[in-house]
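Worksheet: the structure to be examined is printed underneath.
There are 2 protein chains.
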Amino acid sequence: MIRLTKQADYGIVLMTYLARIPNRHFAAPELATETRLPLPTVSKILKLLAREGLLESHRGAKGGYSLVRPPDRISVADMISVLDGPIAFTECIEDAPGVCSQESICQLRGNWQLINQAVRLALEGISLSELNHPLDIPLVQLGVPGDQADPRSLDH
Amino acid sequence: MIRLTKQADYGIVLMTYLARIPNRHFAAPELATETRLPLPTVSKILKLLAREGLLESHRGAKGGYSLVRPPDRISVADMISVLDGPIAFTECIEDAPGVCSQESICQLRGNWQLINQAVRLALEGISLSELNHPLDIPLVQLGVPGDQADPRSLDH
DNA sequence: TCAAACAGGACCAGGTTGGTCCTGTTTCGG
DNA sequence: CCGAAACAGGACCAACCTGGTCCTGTTTGA
Chain A
477 MIRLTKQADY
487 GIVLMTYLAR
497 IPNRHFAAPE
507 LATETRLPLP
517 TVSKILKLLA
527 REGLLESHRG
537 AKGGYSLVRP
547 PDRISVADMI
557 SVLDGPIAFT
567 ECIEDAPGVC
577 SQESICQLRG
587 NWQLINQAVR
597 LALEGISLSE
607 LNHPLDIPLV
617 QLGVPGDQAD
627 PRSLDH
Chain B
477 MIRLTKQADY
487 GIVLMTYLAR
497 IPNRHFAAPE
507 LATETRLPLP
517 TVSKILKLLA
527 REGLLESHRG
537 AKGGYSLVRP
547 PDRISVADMI
557 SVLDGPIAFT
567 ECIEDAPGVC
577 SQESICQLRG
587 NWQLINQAVR
597 LALEGISLSE
607 LNHPLDIPLV
617 QLGVPGDQAD
627 PRSLDH
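Protein sequences, first through last, are from chains A and B.
Residue numbering for the first sequence is 477 to 632, as defined by our numbering.
Residue numbering for the second sequence is 477 to 632, as defined by our numbering.
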C-alpha cells in the first residue's frame with residue numbers, strides 16, 4: 477500500500493505543531509488534546525523523537541518537548557527516517573549484503589538504489605518549516621525535472 | 477518501515493526482465509526459473525500486471541506475457557501504482573474526503589499533498605528502460621534541486 | 001485431442017503495526 | 001520537604017495485512 481505508518485504520520489503532525497513556536501516547549505498532554513490524538517500514543521512517539529535526537533525533552537513538572545534545531549533545518553526525510561527507519565523502498569541497501577536472497581543473480585541492485593535515492597532526495601527537499609508554509613516551496617525543489625513535458629506520467 | 481511490498485518488488489523485477497526484449501513474450505514458468513522466484517507467486521503478479529494493463533497476455537500453449545508499450549514509456553510510478561495501489565504516503569488523498577478522521581482540524585492537508593506529490597514525481601521520473609541502463613539517468617531527473625548545497629540533508 | 005499456459009478465486013499462517021498500560025525517575029512549586 | 005506532574009523505558013496484546021499456495025476453469029497450439 478506504500479503508506480507511511482501511523483507512527484510516522486502522527487509524528488510529523490506533532491512535529492509540525494511544535495514547529496509553529498520553535499522555542500517553546502510543549503508537554504505531551506497538551507499536544508494530545510491539541511491534535512486530538514490519544515495521549516499514550518502521542519507520548520510514545522514523542523519519546524521516540526527525543527531519543528533519536530529530533531526533540532529535546534525537559535523532565536519533571538512543567539516539562540515537555542521542544543525542537544532541537546530550527547524547523548527549516550529539519551527535513552521530512554529526517555523525521556521519516558527516525559519514525560519509520562531508513563528510507564528505502566527495498567531491502568537492497570548498500571551496506572547490508574546478504575539481506576537479499578537474490579543477491580547473486582539480481583541485476584537490479586544499482587537500479588533499486590536509484591529508486592531509493594530518488595525518493596530520499598525528494599523527501600530531503602522538504603523542510604518542516606515548509607510544511608507550515610506550503611506555498612513557499614518552489615516546484616523545482618519537489619523534483620519536477622525542468623519543464624520538459626514528461627510523456628511517462630499518465631493518469632492515475 | 478516504508479518498504480515496497482514484495483509484490484511490487486517482484487513485479488518490478490519481472491517487468492525489468494521483460495523489458496530486456498520488449499517484443500518477445502515470456503511464459504510465467506520461464507520467468508519463474510529465470511528470476512528464481514516461486515511460480516505461483518510469479519503467476520499471480522503477472523496476472524495482476526496484465527489485468528491492470530501493463531502487460532499483454534497470450535493464452536493457450538506457447539502463451540505468455542509481453543510489455544504493452546515500450547519500456548521507456550513505463551515509469552516506476554506506473555508499476556508501483558498497479559502493484560501497490562496509488563502512491564500516497566498518507567490517507568489524505570484529495571478526492572477521498574472523510575477518510576481522515578482528523579479532517580476538520582488537520583491543518584496539514586495541503587502539506588501531505590506536497591509530500592505525496594514529491595514522491596510521485598520522483599518515481600514518475602524513472603522509466604523501466606532506465607532501470608536496465610541505470611547509468612543513463614541524469615541526476616537532475618532524480619529530483620536533485622540544482623546544485624544548491626542543501627543544509628538539511630544530514631547523515632542518516 | 002492433449003497438454004501447456006493463462007484467469008480468477010479462495011484460503012491460511014505469520015509478522016508487523018497500533019495502541020495500551022505499568023513501573024520507575026526527575027523536577028517544579030508550595 | 002513533599003506531592004503532583006511529566007518524562008523514560010519497557011512489556012504486552014489484538015487486529016490487520018501480506019506473502020504465498022492451491023484449485024478449478026478456459027483458451028489455444030501442435
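Where is the CB? At the ideal position from N, CA and C, for every residue including glycine.
Small disclaimer: the values here were computed from a predicted structure and weren't measured.
Judged by their CB atoms, A:I550 and A:A484 are not nearer to each other than the 8 Å cut-off.
Taking B:L607 as the centre and dropping the five residues before and after it, the same chain places the C-beta of T492 closer than 6 Å to its C-beta, in chain order. In the structure shown, B:L515 adopts helical secondary structure according to DSSP, grouped into three states.
Think of a sphere of 8 Å around the beta carbon of B:R479: the chain A residues whose beta carbon falls inside it are A564, F565, T566 and E567, in chain order.
DSSP, reduced to helix, strand and coil, places A:L480 outside both helices and strands of the structure shown, so it counts as coil.
For the pair A:S542 and A:R500, the CB atoms are nearer than the 8 Å cut-off. By the beta-carbon neighbour count (other beta carbons within 10 angstroms, threshold 16), B:R596 is buried. As the crow flies, the alpha-carbon of A:G539 is around 8 Å from that of A:F502. Residue burial is scored here from C-beta neighbours: A:A594 has at least 16 other C-beta atoms within 10 angstroms and is therefore classed as buried. Look at B:L530 here: in three-state DSSP terms it is coil, with no helix or strand label. Here A:I591 has F565 as same chain residues with Cβ atoms under 7 Å from its own Cβ, once five neighbours each way along the sequence are excluded. For B:V518, the closest Cβ of chain A is not nearer than 8 Å. If the five residues before and after A:P505 are omitted, its C-beta is found closer than 7 Å to the C-beta atoms of L515, all from its own chain and listed in chain order. According to the DSSP secondary-structure assignment, B:F502 is paired through a beta bridge with B:Y541.
In this structure, A:V544 lies near A:L531, with their beta-carbon atoms less than 8 Å apart.
Within the region 493–524 of chain A, the residues whose Cβ lies closer than 7 Å to any Cβ of chain B are, in chain order, R512. Residue-level contact by beta carbon fails for B:L490 and chain A, as no gap is shorter than 8 Å.
Residues of the region 546–558 of chain B with a C-beta atom less than 9 Å from some C-beta of chain A are D548, R549, I550, S551, V552, A553, D554, I556 and S557, listed in chain order. Interface with chain B (8 Å Cβ-Cβ cutoff): A:A594 is included. Of the candidates B:A508, B:L490 and B:A537, the residue whose Cα lies closest to the Cα of B:L525 is B:L490. Contact note: A:G529 does not reach chain B at a C-beta cutoff of 8 Å; the least C-beta distance is about 10 Å.
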